[in-house]
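Since the structure comes first, as structure tokens, the remarks are kept for the end.
Numbering (the working numbering), first residue to last: 7 to 297.
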């Protein structure tokens with residue numbers, strides 16, 4: 007099956023993963039549920055929810071990582087769910103970027119070296135506990151048998167460097183530059199110009215990939231053009247990393263070309279931070295008429 011054509015064996019599973027501890031921001035939970043609500047309805051696609059910690063749960067560090075034990079627990083449960091359901095395609099609504107670990111591990115096992123991974127993200131997600139304490143910045147490293155050794159140990163079907171293409175990547179921290187070099191991942195910083203659709207398609211075809219998994223971190227979008235991201239937090243001006251520069255129109259073009267020309271078997275949408283919806287939610291919670 008290729009060129010975006012469905013067949014009768016397709017089994018697509020939708021998974022809501024309201025993981026907030028991976029990025030230590032409770033708003034990720036609302037974001038995951040809103041994404042699932044906004045997605046087009048399809049009675050032929052089962053929707054399940056992976057249980058994560060409630061938003062008022064305490065966050066404690068293990069091995070220098072926030073909520074490492076709790077994160078390992080839900081990733082294991084997600085992996086077990088996929089092993090039981092055996093979908094041919096997985097749509098994941100996050101939550102932090104960490105939600106891609108279990109489905110991409112599963113899809114790697116299912117499609118092997120014919121799976122290409124397009125990582126649409128402002129950041130490379132290959133850091134380690136030596137440099138950072140939130141697991142969402144380590145998820146691709148984990149999938150490459152690097153990142154956080156504790157969480158990477160859960161990966162049964164690791165990816166290889168040649169399977170990764172970054173789209174939307176912005177200027178890197180020095181430790182990220184070093185880690186990407188160590189891992190042998192080719193990349194292009196796209197602060198001046200995004201990769202063309204032709205470049206993306208050429209990469210897929212040159213590597214002979216027959217199936218694609220797309221990780222979409224919404225913070226790849228310019229906060230000037232799309233405000234429900236980390237870099238558009240109301241009242242905040244200073245951030246410790248580079249903001250996205252991608253336009254919604256370019257993202258739509260890329261996704262359309264990928265689905266029209268290749269077999270898209272995995273899609274994660276992550277890091278949705280609906281600031282306005284949070285305000286409305288908090289406002290309603292204080293109004294007695296709702297009680």
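We treat Cβ as the ideally placed atom computed from N, Cα and C, and that holds for glycine.
Given a cut-off of 9 angstroms on the beta-carbon distance, is the pair residue 281 and residue 225 in contact? On the chain shown, position 275 is the one that residue 281 refers to. On the chain shown, position 219 is the one that residue 225 refers to. Residue 281 is not a Cβ neighbour of residue 225, given a cutoff of 9 angstroms.
Suppose you measure from the CA of residue 272 to the CA of residue 295; what does that come to, to the nearest Å? The residue given as residue 272 occupies position 266 in the chain shown. The residue given as residue 295 occupies position 289 in the chain shown. C-alpha separation (whole angstroms): 43 angstroms.
Anticipated Cβ contact below 8 angstroms, residue 55 with residue 25, distance rounded: The count along the chain shown starts at 1 and reaches residue 55 at position 49. The count along the chain shown starts at 1 and reaches residue 25 at position 19. Rounded to whole angstroms, the Cβ separation of residue 55 and residue 25 is 11 angstroms, and the two are not in contact under 8 angstroms.
Taking DSSP's pairing of strands, which residues face residue 55 in a bridge? In the chain shown, the residue the question calls residue 55 occupies position 49. Per DSSP, 22.
Please state if the CB of residue 249 and the CB of residue 176 are separated by a distance shorter than 9 angstroms. On the chain shown, position 170 is the one that residue 176 refers to. On the chain shown, position 243 is the one that residue 249 refers to. In this structure, the beta-carbon distance from residue 176 to residue 249 falls below 9 angstroms.
Cβ-Cβ separation, residue 206 to residue 171 (assumed contact under 8 angstroms), whole Å: By 1-based counting over the chain shown, the position of residue 171 is 165. By 1-based counting over the chain shown, the position of residue 206 is 200. 7 angstroms between Cβ atoms; contact.
Within this structure, are the beta carbons of residue 154 and residue 134 separated by less than 9 angstroms? Working through the chain shown from its first residue, we reach residue 154 at position 148. Working through the chain shown from its first residue, we reach residue 134 at position 128. Contact flag set, yes.
Is it right to say residue 208 is buried, meaning 16 or more other beta carbons lie within 10 angstroms of its own, or is it exposed? By one-based count along the chain shown, residue 208 stands at place 202. Residue 208 comes out exposed.
DSSP three-state assignment for residue 35, whether helix, strand or coil: Looking up residue 35 in the chain shown gives position 29. The answer is helix: DSSP assigns residue 35 an H, G or I state.
Provide the residue span of the alpha helix (DSSP H) that contains residue 276, from first to last. For the purposes of this step, residue 276 is taken as the residue at position 270 of the chain shown. Annotation for residue 276: no alpha helix (DSSP H) segment contains it, though the beta strand (DSSP E) segment containing it runs 269 to 276.
Quick one: using the 10 Å Cβ neighbour count with 16 as the cut-off for buried, is residue 117 buried or exposed? By one-based count along the chain shown, residue 117 stands at place 111. Of the residues assessed, residue 117 falls on the buried side of the cut-off, its CB having 16 or more other CB atoms within 10 angstroms.
Would you be able to state if there are at least three C-beta pairs under 8 angstroms between the region 101 to 118 and the region 64 to 72? As far as the Cβ criterion goes, the region 64 to 72 does not touch the region 101 to 118, which means the pair count is below three.
Throw me the rounded Cβ distance for the residue 158 and residue 152 pair, which I believe falls under 8 angstroms. Counting from one through the chain shown, the residue named residue 158 turns up at place 152. Counting from one through the chain shown, the residue named residue 152 turns up at place 146. Sure, about 7 angstroms apart at Cβ, within 8 angstroms.
Among residues of its own chain, excluding the 5 on either side of residue 286, which ones have a beta-carbon nearer than 6 angstroms to its beta-carbon? As a working note, residue 286 is residue 280 in the chain shown. Exclusion of the five residues before and after residue 286 leaves no residue of its chain whose Cβ lies closer than 6 angstroms to its Cβ.
Looking at residue 160 and residue 95, is the spacing between their C-beta atoms short of 9 angstroms? Start at 1 with the first residue of the chain shown, and residue 95 comes out as number 89. Start at 1 with the first residue of the chain shown, and residue 160 comes out as number 154. The answer is no: Cβ separation not under 9 angstroms.
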